Structures are given as C-alpha cells and as structure tokens.
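Undergrad: For the protein sequence lines, the chains are A and S, in the order given. Take 1 as the starting number for the first sequence in the numbering used here and just add one per residue. Take 1001 as the starting number for the second sequence in the numbering used here and just add one per residue. No residue lacks a Cβ here, since even glycine has one placed at the ideal position from N, Cα and C. Computed from a prediction, not measured in an experiment: that's the story for all the values here. The structure that follows is given in the form of structure tokens.
Number of protein chains: 2
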Amino acid sequence: MSLYSEIAEQPDRIQALLENQRKTVEGIADAIRAHDVSYVFLAARGTSDNAGRYANYLWGARNGLPLALATPSLFTYYNQPPKLKNALVVGISQSGQSPDIVSVLEEGRRQGSVALAITNEPDSPLASAADFVIDIQAGEEKAVAATKTYTTELMTIAMLSVALNGDKTDWRELSQVAKWMKQTLKQNDLIEQAAQRYRYMRQCVVLGRGFNYATAFEWALKLKELTYVEAEPYSSADFQHGPIAMVERGFPVMVVAPQGKVLDSLLEVMIRLRKDFLAELLVISNAKKALSLAQIPFTIPDEVPEWLTPLVSILPAQLLAYHLTRAKGFDTESPRSIHKVTETK
Amino acid sequence: MSLYSEIAEQPDRIQALLENQRKTVEGIADAIRAHDVSYVFLAARGTSDNAGRYANYLWGARNGLPLALATPSLFTYYNQPPKLKNALVVGISQSGQSPDIVSVLEEGRRQGSVALAITNEPDSPLASAADFVIDIQAGEEKAVAATKTYTTELMTIAMLSVALNGDKTDWRELSQVAKWMKQTLKQNDLIEQAAQRYRYMRQCVVLGRGFNYATAFEWALKLKELTYVEAEPYSSADFQHGPIAMVERGFPVMVVAPQGKVLDSLLEVMIRLRKDFLAELLVISNAKKALSLAQIPFTIPDEVPEWLTPLVSILPAQLLAYHLTRAKGFDTESPRSIHKVTETK
C-alpha cells in the first residue's frame, strides 16, 4: 500500500526538505537576484505542472515575477522556441526524464538564460541541463499517482519565494506546515466514510482560485488517474464564463475555499450552485461560511496563512481519491493505462 | 436562429476584417517594435482566452515572443500585480466589460508597459484602458455562445503576427482563409447527420496540440455551453500524463489533427486510443492517416497551412455543437444559466 503510506509521510518529507535544502535554495536565490530576470518561463507536465500553477500565483504575488507556462511543442516538434531574454527558465519533473521538459531547459541555457531544475532525481537529464538544481528529496515514490512529490515541489517553490524576498519571519511559517499537515491527516476515517457517497460518481468539477487554483487542478488529476472519474478543474471565475451551464441538480462540485482574499469570490459561486442549481458541494476549507454550504465538509487548521494553504488543502483531496479508488474497487498502486514515468516529446 | 447564421457569416466577417483593419494593425506593429518587449502578458476569459492560446503558439513560433497568461485575481482580489517591465500587455474581450480583464490593462499602463485591447466594442472600458485598440468588427453577436467573435479574434492575432514580421507573402495566405472556411462549411448536412450519433453522450475529451491546442479548448467550451456535455480539452502530451487512465471502450475522443509538425504526436495517441482502448474517435483533419483512424471524420481543405488551420478547423466543431444541441432538444440561442456578458472580478 505505497499510496497510503506516501500520503502519510508527507509531513516528515516536507520538514526534512525544509531543513536540508534551505542553504542551497538561499544560494540559488542569490544567483537569480544577480541576473536581470523579468519573468519566469516554466516547463512541466501532469502533477509537476500543477505545482507550477502554485508558482504562478506565489511568485507573482510575493516576488512580482510574471510566469509564462512553456509550450514544449515549440521546442520539440516546431523547433521554433521563443526568445528567452531576461527569463528565469524553470523545469519541474519528478523523474527528470521527459524529453520535452529537458529541451526547454537546454534551449534556455543555449540562449544564456538562468536554468533551474526542480526534481526528485538530481542525476537526471533535467538536472544535467540546468545551471541550478533543487532536489525535492521526496524519497522513492512507488505509487504511480504522485502525492509526496507534489507537496515537496510546492514546498520547494515556497522556499525559493521566501529566499528571494529575504524575509526571515516567513521561514518560521514554513516550519509549521508539517504540523498543520499532521492535524489535517487525522480526518482519514471521516474521509474514508465520506468516499462511500461518491461510489457511483462518474463526473464532477473542481473549483479553486488564486493560490489554490493549483489545488483544484491536482485534486482533479488524482480523481482522473485513480478513480477514472472525469473531473474537470476550473477557476471559479472561468467556470462562470460558460461551463456552469452543464450543472444539473445533484451534480457534484468539489471546492477548495480556505480563508483568504479570494474566499468571497468562491462563496458567491458556491451560494449560486447550492441555492439556484441544487448542486452537491464537497468543500475543503477553514472558513465556517464555506464549510456550512457543503453537504460534505473537510477542514484544514484555522491558522494556516493563505499563501501556504495549498500545501495543506491537497491532503484531504488525496485521501478522498485514495479511499474512493478503494470504494470503486480499483487499483490504488498501478492505475490502468499509465506508468510512473511518461516520456513525451 | 442567430447561432447558425453567425457560424455561416464567419468567412465574410474575417475577410472584411482583413481588408479594413490591416493598416491599423500594421501601425500598431510598428509601435510595438519601437518598444523593448521581451514577452506578452495576456488577459482573457472563456472564448477569448482560447483565442489567447492561439497567440501563445503563433506569436511564440513566428515572432519569438513568450506569452504569460495573466492571473487576474492577483490584480483584483490580491492587489499584488507582478512587475510588467518589458511586457506587451494584451486584453481580449468581446464585450470589453469584464472588470478583471480591464484591471490588468490599467495596471500594465500604470507600470509603463504597452497595452493593447482586442475587442468587438471599441467604446468599451477595455478599449479606454489601452494604448492601442483593434476592433475585431464581428458585428453584433446575438447568440450567447461565441463563434464569429472567436474566429475574428484569431484573425486579428494572425494579422498582428504577420505585421510584426513584415513578410508580405503571409498577407496573401491570410486572404485565402475565407475561401477555405466556405469550403469547410459545405459539410453542414454531413455534420448534422453525424450529430445524431452523440445524442446520448454525457462526457468526452477533446485533443489538440500546437496551434490547435486553442481549437481543442474552444471545441470543448462550445460543447459544454451548448450541449451540457462534460467535454475536457487536453494537449495530447498532457493527456498521456495521467488522464488517459479514464478512457473505457467506446469513450468518445474528439481530435483536431491537421497536417503539420505535431501530427505524428497526435497520430501516436490516436492509434493507441483506437487499437488499445477501443475508443470512439471523431476527427477534424486534412491528413488521410488521421481521418482513416476516425469513426466520424470531418475534413478541412488540403492546402491550409498549419499556422492558419485553427481558423478553419473550429468550423466543423461549431457546427457539431450546434446540431448536437438541437438533437438533444436544447436551446441553441440562450443556454441555461449563462449570459452573453459575464462580469467577474
């Protein structure tokens, strides 16, 4: 049962990462500051791409860095890569193997940009193609569905943000994440029971916004990979620009809506979904109003600051995907049709 | 029946746009070239956001410009916009009304970046917030589901690309798009008939890559808005990094796979889906191999160059969404729950 134990070991993994890699990350931040970086150009696939969405908001909000998601086919099939002047080129990959992600970093270096690899394999082709490497130190991940490599990637992204700002008090907040994670994981039995309710669910949507736009995407990906439910993620704003039309009575909507600046925006859609559409809401939050709108509420600790909620709010989602997989009678370790390392060009 | 007539008038609209706005676009291109632009920062929602995906590939491949999709909540809820030094800030919106898109352009101008509005309403708040405005001249769009404003946005994006490169022969290719569109629209009866097959479809995925990544997103959005089918778009590469696990025998997969550099990548997935997964394939293409893998093939003219295929390949998708809406007995003009202008913060 690797998947369950990999979910459970996340607090220890991110704590070790924080302690072991802080010096390395601070050194890399110094090197980045020495360059004239106007924006980040980021390449990743799957779960790592979802971690990249967190970087998009976190580095944007706290470090003033706009982030462009790479279009790897321009580097591989089209062989027409854009000009990467003034870019910090970042590749995120658990295995460090996918040729398309590697080629984005190679091109970045060829053009003289700073290239950073974030990976669980510091001896991989991705690491070789980079100027700087951050080892996420998740340990071997045996389950095909990624869990601990996602949260260690998020922690790495948060550490780099703090190091770039140089604000010492933020390191103290990072050191509390493991504790908040442990508290959240205590809901395991409750989540196992709630999973029964979704035994015959075939489709759903997952809403999040701001920092937790990443959480919505990763939650949906776990549901697709493990339970084969067609789960589509949206920002609550984009959802209202068209897709909300498909919601019928009882349609399941998963929402990640912790306290913070976008909570009002999410509450507005949740009220509409619950009152006007009679939708089913499953909500992960530490906000009373949001939890009270849910048929099925999962909580995270009150004191988690908004910028760190993605590290904690994904845990009930991972546990739900795990228990729903079991409830549906599928394989939690090796989902059909996919493999641990996917190499795309 | 505004929707059908708006689909049908697209060749004339894009031809008029090309003739009327070329001088304006060339003037804006000159002004952009005079600035030190390292990348594009683009804000849009819904259909306009899908047009932005075309810009991502087209301006990347042909103009060397990386493109960052804006995260509007950083400008509105978080009030922590990133630094936009060296950015060309672009807002795309049919109505020019959505406050979040307007605030991205206002911030870009406040920071001294060049701000460009692409809109059907040159007197809108979005246009007022911009240094430069391109009027897409689609005429009033009455149907809630956008069709002609999508293709005129694509044409505008292509015109700006050509103007930035200054290659006169490309204008000649643009002037043929209307003809290719007309040829493609002749399949209307065939598509109406094929739509019957999907009367009871509840969910599907839509695959595309490269320039037609945009087409996959717009196709899926039309299906969701009009037919309430849960249609999820993917790049064929991302699809293999997890979501392919949910495909069962007979699962409908829509693919846009015209001749071009990413065709091999799409064929690889299509063969896997057809042979190993026994999936249902509906394919829009001008490549024999791709069409022969499909249970339901729709064609576009042979001679369309890859970079312009998105303007043509979306037409069978729009017609399919229209006829499927009728087959399912829904309202083609005013889908439930959504409105023509959605204002989000």
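#1: In this structure, does DSSP put Thr-1184/S in helix, strand or coil?
#2: Any residues in the segment 1079-1101 of chain S with a beta carbon nearer than 9 Å to a beta carbon of chain A? Which ones, in chain order?
#3: Less than 7 Å between CB atoms is the rule here; does Phe-1330/S satisfy it with respect to chain A?
#4: Express the C-alpha separation of Ala-61/A and Tyr-1078/S in angstroms, rounding to a whole number.
#5: Can you pull the chain A neighbours of Pro-1252/S, defined as C-beta to C-beta under 8 Å?
#6: Between Gln-295/A and Pro-1072/S, what straight-line distance do the alpha-carbon atoms span, to the nearest angstrom?
#7: Does the beta-carbon distance from Phe-1132/S to Glu-1107/S come in below 7 Å?
#8: Could you tell me the alpha carbon to alpha carbon distance between His-35/A and His-1035/S, rounded to whole angstroms?
#9: Indicate the three-state DSSP secondary structure (helix, strand or coil) for Met-1201/S in the structure shown.
#10: Indicate whether at least one CB of chain A lies closer than 7 Å to the CB of Ser-1124/S.
#11: Using the C-alpha atoms, what's the distance from Cys-1204/S back to Phe-1277/S?
#12: Is there a C-beta anywhere in chain A that falls below 7 Å from the one on Glu-1121/S?
#13: In the DSSP assignment, what are the bridge partners of Glu-232/A?
#14: What does a CB cutoff of less than 8 Å around Glu-1306/S pick up in its chain, not counting 5 residues either side in sequence?
#15: Who are the Cβ neighbours of Ser-235/A in its own chain at under 6 Å, not counting the five residues just before and after it?
#16: Taking the beta carbon of Gly-1242/S as the centre, do at least 16 other beta carbons fall within 10 Å, making it buried, or is it exposed?
#17: Going along the chain, which residues of its own chain have a beta-carbon closer than 8 Å to the beta-carbon of Ala-237/A, five neighbours each way excluded?
#18: Under a Cβ-count criterion, where at least 16 other Cβ atoms within 10 Å of its own Cβ denotes burial, should Thr-309/A be classed as buried or exposed?
#19: Please check if any C-beta of chain S sits within less than 7 Å of the C-beta of Thr-342/A.
#20: Between Ser-1005/S, Pro-1297/S, Leu-1018/S, Ile-1300/S, which has its C-alpha nearest Ala-1145/S's C-alpha?
#21: Pick from Lys-328/A, Ile-244/A, Leu-190/A: whose alpha carbon is nearest that of Val-206/A?
#22: As a quick exercise: from Met-1155/S, Ile-1092/S, Pro-1316/S, pick the residue whose alpha carbon is nearest that of Trp-1219/S.
#23: Grouping DSSP H, G and I as helix and E and B as strand, with all else coil, what is Tyr-1039/S?
#24: Just checking: is the beta-carbon of Gln-1203/S within a distance shorter than 7 Å of some beta-carbon in chain A?
#25: So the alpha helix (DSSP H) Ser-285/A belongs to, where does it begin and stop?
#26: From the DSSP secondary-structure annotation, give me the bridge partner or partners of Ala-1220/S.
#27: Answer yes or no: do Ile-1191/S and Leu-1319/S have a C-beta to C-beta separation smaller than 7 Å?
#28: Spatial neighbours of Pro-1122/S within its chain, please: C-beta separation below 6 Å, excluding the five flanking residues on both sides.
#29: Could you compute how far the alpha carbon of Gly-250/A sits from the alpha carbon of Ser-1161/S?
#30: Starting from Ser-124/A and walking both ways along the alpha helix (DSSP H), at which residues does that stretch end?
#31: Starting from Asp-331/A, trace the alpha helix (DSSP H) in both directions and tell me its first and last residue.
#32: Mind checking if Val-256/A is an interface residue toward chain S, Cβ cutoff 7 Å exclusive?
#33: For Asn-20/A, decide whether its Cβ has a neighbour in chain S, counting only Cβ atoms nearer than 7 Å.
#34: In angstroms with no decimal places, state the Cα-to-Cα distance between Ala-1044/S and Thr-1342/S.
#35: I'd like to know whether the C-beta of Arg-1109/S is nearer than 7 Å to at least one C-beta of chain D.
#36: Taking Cβ positions only, does Leu-74/A come closer than 7 Å to chain S?
TA: Answer, in terms of the structure:
#1: Thr-1184/S: helix per DSSP, three-state reduction.
#2: Asn-1079, Gln-1080, Pro-1081, Pro-1082, Lys-1083, Leu-1084, Lys-1085, Asn-1086, Ala-1087, Ser-1098, Asp-1100
#3: Against chain A, the CB of Phe-1330/S has no partner CB under 7 Å away; the residue lies outside that interface.
#4: 7 Å
#5: The contacting residues do not exist; Pro-1252/S stays about 11 Å from chain A at best.
#6: 30 Å
#7: Contact flag unset, no.
#8: 21 Å
#9: Secondary structure at Met-1201/S: coil, using DSSP grouped into helix, strand and coil.
#10: Output row for Ser-1124/S: interface = no.
#11: In a straight line, the C-alpha of Phe-1277/S is about 14 Å away from that of Cys-1204/S.
#12: no
#13: In DSSP, Glu-232/A forms a bridge with Val-205/A.
#14: Excluding positions up to five away in sequence, the list reads Gly-1210, Phe-1211, Pro-1258, Gln-1259, Gly-1260, Lys-1261.
#15: Arg-209, Tyr-213
#16: buried
#17: Closer than 8 Å at Cβ, skipping near neighbours: Arg-209, Ser-265.
#18: buried
#19: yes
#20: In terms of Cα proximity to Ala-1145/S, the closest of Ser-1005/S, Pro-1297/S, Leu-1018/S, Ile-1300/S is Ser-1005/S.
#21: Relative to the Cα of Val-206/A, the nearest Cα in the group Lys-328/A, Ile-244/A, Leu-190/A belongs to Ile-244/A.
#22: Pro-1316/S
#23: DSSP, read as helix, strand or coil, puts Tyr-1039/S in strand.
#24: Yes, its Cβ sits closer than 7 Å to a Cβ of chain A.
#25: Where Ser-285/A is concerned, there is no enclosing alpha helix (DSSP H), although the beta strand (DSSP E) it sits in stretches over 280-285.
#26: DSSP lists no partner for Ala-1220/S.
#27: yes
#28: Val-1133, Asp-1135
#29: So the two alpha carbons sit approximately 46 Å from each other.
#30: It is not in any alpha helix (DSSP H) - Ser-124/A carries neither H nor E in the DSSP assignment.
#31: Where Asp-331/A is concerned, there is no enclosing alpha helix (DSSP H), given that its DSSP letter is neither H nor E.
#32: no
#33: At a cut-off of 7 Å, the C-beta of Asn-20/A has no neighbouring C-beta in chain S.
#34: 12 Å
#35: Of the protein chains in this structure, namely A and S, none is chain D.
#36: yes
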